[in-house]
Structures are given as C-alpha cells and as structure tokens.
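Asks:
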Amino acid sequence: MKIIVTGLLSGTLKTYQRAACDEETMSLRCPPGTTISITFARYGRVNDATEKCISNKLHPSSASSSSSTSVNETCLLTHELQNVVEICQKKRSCKFNTNPKNFQYDRCPHLPKYTEVAYKCRPYEFRSKISCEHDAVNLVCYPGKRVAILSASFGRTEYESLQCPQPHGVKEETCTTPHATEIVIQLCHGKRKCSVTANGTTFGDSCKPDTRPYLKIIYTCGTAMASPKNSYHITLLDLFLGFSSIEHRQLRIPNYIRAQVGTVPA
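For the sequence shown, position 96 (counting from the first letter as 1) is numbered 96 according to the UniProt record's numbering, and the numbering increases by one without interruption.
Next comes the structure, spelled out in structure tokens:
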C-alpha cells in the first residue's frame, strides 16, 4: 500500500542547518525524490556572546565594536519562518537573499543580523506494510534501489487493528514495544530486500498474553550507486539517521533483543 506522509516526519530523518549573514544568499537543497520541509527558521541576533556576522558591509562599524554590549543584544524578527516556508517548502531547492529590506519591520536596524534555518529532506512517497503475529513483512526494492526505513511499530493500537483482529472474546488494547524502528533499521536499512518476522522473539512482548500483535513498517526505496569498495552508498538513504550513523551510535536496544537481531546478510 502506498501512503503520502503529511504530518509525520520521523526522528529517523536527518535535520540540516544553514546560516547566512545580512546580504548573503542562502541555498537549501535536497536530492532527487525528496523535497524541503522547514522545521525552524529565525532572523535577527541572539545574545550568545559570539562574533557571528559582526563585520559586513551593511554594518561596517560593528567590526570595531565587537566587544561592545550592543552587538550582543537579542533582537529576533518573528516572521522569518513564514517567509522561508513560502519560498522553500516542498521544493527540491531554493535560494533567497537575507537582506533586511525583505522584512517590513526591522526593530533593530543598528544590529548586524543573520538567518538560521533547519530543514529535513522528505521523500515524496512512503509505503506501508503490515503483518500479523508470526507472519513476515517482506520489503523489496527494484534493482538499483535500497530500503529506507521511516518507522516501525510492533504491538497493537485500538484505532488501527482491522487487518489483524483480536481472537474471539479478547478485548482490544493499545500496546507497543519500544525500539521497533531501530531493530528494523538494523535488519533492513540499505538492503534491496529483507524479511522481518512479526514476533516477540525479535521485538519483545509488551501486550497481554492473549493479544494478537502485528508489525507495521513504513519505508521507501532510495537510489543506490556502487562505491569503489563494492559496497553501496544510498543517496536518498543518507538523509536517514539510521543509514550513515547506525554503526557509530549506540542504539538503545535491550541486550537480549540485540543478541537475537544479530547481523543480517545483505
């Protein structure tokens, strides 16, 4: 089943940050198959005792007074997020000038200011697959593509259980195990195909004994290209925290689950 993710931006997607001083051009860019999603933007200056943008052609006097308290004032213009969203949201790339003339009200014209933007690159489309307990979720991408995991859940939710109904006489409940996303990332992220069994052996148990849990995985397929070491670098997958950093960060997975997951061949 194909789904369009609108309100959901998982923590598995990386956040990119950009900054530019007055009169500089800021460029935001995402790879093919993704669009910009702005998460934060502000314009002005924060009293953080740094020397950001203290010397520029709009405020030449600031360079000689960098130690003054005036440069370390806080002055933020509140409409920058709306402006950046209008220019960049849902585009593959965008470019804009951070000239203060672009703002109707500059409450602190004497201060050198800067723009800070944080954004994610969101794939156009995700797919969703569900398997009931003891069945397998099989993820397959076309040749040249690799699996990118947005999220995974194992257990039940009362509002989303039609595909795997409870046994007769068992009351509905909401119960999900932690770390399901991290486990599925370890099993599937960056592979052309993978199979994950929906059971407590892999994910642990958090539901009542008679409850029928199920596994739901939301994913997409990203373009892959061969690297000199005959491994794969996935351009779209590099936008996901799990792909490029999974070998370098300590995932919060219980040891008994980590041992059962192990290493899965590509």
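Heads up, the beta-carbon is just placed ideally off N, CA and C, and yes, glycines get one too.
What does a CB cutoff of less than 7 Å around residue 269 pick up in its chain, not counting 5 residues either side in sequence?
Replies: A query on residue 269 cannot be resolved here, the shown segment of the chain reaching from 1 to 266 and no further.
Asks: Which class does I54 belong to by DSSP, given the choice of helix, strand or coil?
Replies: coil
Asks: Assuming N199 is part of the beta strand (DSSP E), what are its boundary residues?
Replies: Where N199 is concerned, there is no enclosing beta strand (DSSP E), given that its DSSP letter is neither H nor E.
Asks: What distance in whole Å lies between the Cβ atoms of G204 and R146, which are believed to be in contact at a cut-off of 8 Å?
Replies: Not quite, the Cβ-Cβ distance comes to about 27 Å (not below 8 Å), so this is no contact.
Asks: At what residues does the alpha helix (DSSP H) containing T21 begin and finish?
Replies: A small fix is needed here, since residue 21 is Cys in this sequence, not Thr. Unbroken run through C21 is the beta strand (DSSP E), Y16 to C21; no alpha helix (DSSP H).
Asks: Of the choices E158, L215, Q166 and E86, whose alpha-carbon is the least far from that of V184?
Replies: L215
Asks: Of all the options P167, R92 and P178, which has the alpha carbon lying nearest to the alpha carbon of S206?
Replies: P178
Asks: Would you mind working out which of I54, I149 and Q163 sits nearest E125, comparing C-alpha positions?
Replies: When each option's Cα is compared against that of E125, the closest is I149.
Asks: What do you get for K113, buried or exposed, if any count of 16 or more other CB atoms within 10 angstroms of its CB means buried?
Replies: Residue environment: K113 is assigned as buried (16 or more neighbouring CB atoms within 10 Å of its CB, all protein chains considered).
Asks: Assign D22 to one of two classes, buried (16 or more other C-beta atoms within 10 Å of its C-beta) or exposed (fewer than that).
Replies: buried
Asks: According to the neighbour-count rule (16 or more other Cβ atoms, all chains shown, within 10 Å of its Cβ), is Q17 buried or exposed?
Replies: Q17 should be labelled exposed.
Asks: For I36, which residues from the same chain have a beta carbon less than 6 Å from its beta carbon, with the 5 sequence-adjacent residues on both sides left out?
Replies: L28, C30, C88, K91 and Y119
Asks: What do you reckon, are the CB atoms on E86 and R212 nearer than 7 Å?
Replies: Inclusion of E86 and R212 in the CB contact set at 7 Å is not warranted, their separation being larger than that value.
Asks: Determine the contact status of T157 and T174, defining contact as a CB-CB distance below 7 Å.
Replies: yes
Asks: T201: buried (16+ other C-beta within 10 angstroms of its C-beta) or exposed?
Replies: It is exposed - the Cβ of T201 has fewer than 16 other Cβ atoms within 10 Å.
Asks: Using three-state DSSP, classify N97 as helix, strand or coil.
Replies: strand
Asks: Could you pull out every unbroken beta strand (DSSP E) segment of at least 3 residues lying fully inside the stretch 147 to 218, listed in chain order?
Replies: 193 to 197
Asks: Buried or exposed for Q186, going by 16 or more other Cβ atoms inside 10 Å?
Replies: buried
Asks: Comparing alpha-carbon positions, which option in V140, Y43 and H110 lies nearest I218?
Replies: V140
Asks: Using a 10 Å radius around the Cβ and a threshold of 16 neighbouring Cβ atoms, would you call E160 buried or exposed?
Replies: exposed
Asks: Give the DSSP bridge partners of N138, in chain order.
Replies: S195
Asks: By Cβ distance, which residues of its chain are closer than 7 Å to V84, with the 5 residues on each side in sequence left out?
Replies: I38, A41 and V117
Asks: Rounded to a whole number of angstroms, what is the C-alpha to C-alpha distance between R192 and R127?
Replies: 15 Å
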